[in-house]
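See below for the structure under consideration.
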Amino acid sequence: MDKIGVIFIVNIFSTIVSNLEQLGIGMLLFLLAYISNMGLGAYKNVKLDGNTFDWKKIKQSGIKFVTLGISIAILSIVLSVIPNYITYIGITVAPETLSTLDGVIIISSFLGATINYLIDSVNKIKEIFK
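Residue numbering for the sequence shown is 4 to 133, as defined by the working numbering.
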């Protein structure tokens, strides 16, 4: 491997490590929104709709959360490496642009899913308090 390839790999590793904190915060927000949605859904289904509590659904929700969380984290890592790849293949991009792209990618990956579950949670709260 040539010197440029080694520098590229070091830059990728550095980018991933520096983004782990941001990914962790995004993952925490996603987790809280997901658990909120799941808890409100369980309450609504049992107390309002008269269904029986089903541990199987809770287990399936847990599996869904783990799958979504890991998938979104991997997607965020891959997307955050793209600016390094752009530079590696020779396209000149201003450092400010790369930094902005990096932040937008990380924020948008978890933010979309988090907002979706927050909206669903708010709708469930509205149904519960009717």
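Just so you know, even glycine gets a beta-carbon here, dropped at the ideal spot from N, CA and C.
Three-state secondary structure (DSSP) of residue i
{"i": "T103", "result": "helix"}
{"i": "G42", "result": "helix"}
{"i": "V96", "result": "coil"}
{"i": "N54", "result": "coil"}
Buried or exposed (CB count within 10 angstroms, at least 16 for buried), residue i
{"i": "V9", "result": "exposed"}
{"i": "P98", "result": "exposed"}
{"i": "K127", "result": "buried"}
{"i": "L26", "result": "buried"}
{"i": "I75", "result": "buried"}
{"i": "V49", "result": "exposed"}
{"i": "N20", "result": "Here residue 20 turns out to be Val, not Asn, going by the sequence shown. So V20 counts as exposed."}
For residue j and residue i, the rounded distance between their alpha carbons
{"i": "L43", "j": "I77", "result": "28 Å"}
{"i": "G53", "j": "I108", "result": "42 Å"}
{"i": "V13", "j": "G72", "result": "26 Å"}
{"i": "Y88", "j": "T18", "result": "11 Å"}
Spatially closest choice to residue i from the options, by CA coordinates
{"i": "D5", "options": "Y91, I38, T70", "result": "Y91"}
{"i": "Y120", "options": "S39, K59, N22, S17", "result": "S39"}
{"i": "I85", "options": "S64, T117, S102, K129", "result": "S102"}
{"i": "G65", "options": "K133, Y37, E24", "result": "Y37"}
key: At least three beta-carbon pairs within less than 8 Å, the stretch 23-32 to the stretch 108-126   = yes
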